[in-house]
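Novice: Quick note on my numbering: the sequence shown kicks off at 217 and runs consecutively. Glycine included, C-beta positions come from ideal geometry on N, C-alpha and C.
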Amino acid sequence: MADTNSEAKWYVAHTYSGYENKVKVDIEKTIENRNLQDQILEVAVPVQSTVELKNGVEKKIDRKIFPGYVLVHMIMNDETWYVVRNTRGVTGFVGPGSKPVPLSDEEIAMLGSREQEIVCDFKEGETVVVVSGAWKDTVGVIKAINESKRLVTINVEMFGRETPVELSFVEVKKL
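Right, dumping it as structure tokens:
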């Protein structure tokens, strides 16, 4: 038998929103039950690790990159098409009409280059209180946010005038 992996391509299956992980598990069970490991090689729900900051507390979460879609690395034939297409929660493959179109090598490469994203719940103009450090208990209004450095700039009164101070996201919380 020829090397079947070279024929395998990544296809995108559309799912009901919120069913992505269930579809992944169901397809993997069917692969095992029907002995299709050499035809359906991998099922993936791409996620991006994100750090959310709410009231000064960091929480790491995995956010789906493509809600409503599951990636399937498979050799497309009648049997594999049928298995994926008829999995509960799958509404179809991505492609014109009923013809699934595989992802290109460039599209696959782009999927692998995801950096961790930081999401904060602060906005410019909001009033915050400093919860630690030299400025503890100081109240200020956010003038700027630098998400990549995880800093906020607030103005504090020093020597009778407003002075900008940069603080870490975890050093402040909303008032």
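#1: Name the two residues that bound the continuous beta strand (DSSP E) containing Ile370.
#2: Helix, strand or coil, according to DSSP, for Ala325 in the structure here?
#3: Could you say which of Phe375, Phe338, Ser348 and Gly376 lies nearest to Ile358 if we only look at CA atoms?
#4: Helix, strand or coil for Asn293? Go by DSSP, reduced to three states.
#5: Checking the sheet assignment: what are the DSSP bridge partners for Ile247?
#6: Between which two residues does the beta strand (DSSP E) containing Gly356 stretch?
#7: For the stretch 377–386 against the stretch 349–366, do three or more pairs of beta-carbon atoms, one drawn from each stretch, fall closer than 8 Å, so that the two count as touching?
#8: What residues in its chain sit with their C-beta under 7 Å from that of Leu391, if we drop five residues either side in the sequence?
#9: Check Asp337 in the structure and name its three-state DSSP category.
#10: Could you tell me the distance, in whole angstroms, from the CA atom of Val317 to the CA atom of Asn237?
#11: With a Cβ-Cβ cutoff of 8 Å, do Tyr298 and Thr231 count as a contact?
#12: Note down the Cα distance separating Gly341 from Phe375, rounded to an integer number of angstroms.
#13: How is the beta strand (DSSP E) around Thr231 delimited, first residue to last?
#14: Give the DSSP-derived three-state secondary structure of Met217 in the structure shown.
#15: Put Asp242 into one of helix, strand or coil per three-state DSSP.
#16: Since I believe Met292 is in contact with Lys225 (beta carbons under 8 Å), could you give me their beta-carbon distance rounded to a whole number of angstroms?
#17: Just how far apart, CA to CA, sit Gly305 and Glu268?
#18: Compute the Euclidean distance between the alpha carbons of Leu257 and Thr246, then round it to the nearest angstrom.
#19: Tell me whether the beta-carbon of Gln255 lies closer than 8 Å to the beta-carbon of Met290.
Specialist: Taking the coordinates as given:
#1: Element bounds for Ile370: Leu367 to Met374.
#2: Three-state DSSP puts Ala325 in a helix.
#3: If we check each option's Cα against that of Ile358, Phe338 comes out closest.
#4: Note: Asn293 maps to coil in three-state DSSP.
#5: Ile247 is not bridged to any residue.
#6: For Gly356, the enclosing beta strand (DSSP E) begins and ends at Val355 to Asn362.
#7: The answer is yes - the stretch 349–366 touches the stretch 377–386, with three or more Cβ pairs under 8 Å.
#8: Excluding sequence neighbours, Leu391 sits near Thr343, Val344, Val345 and Val355.
#9: Of the three classes helix, strand and coil, the one that applies to Asp337 here is coil, per DSSP.
#10: In this structure, the CA atom of Val317 is about 22 Å from the CA atom of Asn237.
#11: No.
#12: Just so you know, the alpha carbons of Gly341 and Phe375 end up roughly 23 Å apart.
#13: It spans Lys225 to Thr231 - the beta strand (DSSP E) in which Thr231 sits, taken as one unbroken run.
#14: The predicted position of Met217 is uncertain, since its pLDDT is 35 and thus under 50; a value taken from the coordinates is nonetheless stated next. It is coil, neither helix nor strand.
#15: Correct three-state label for Asp242: helix.
#16: Your pair Lys225 and Met292 checks out as a contact, with CB atoms roughly 7 Å apart and the cut at 8 Å.
#17: Taking the straight line joining both Cα atoms gives about 29 Å.
#18: In this model, Leu257 and Thr246 are separated by some 12 Å (Cα to Cα).
#19: Against a cut-off of 8 Å, the Cβ pair of Met290 and Gln255 comes out as a contact.
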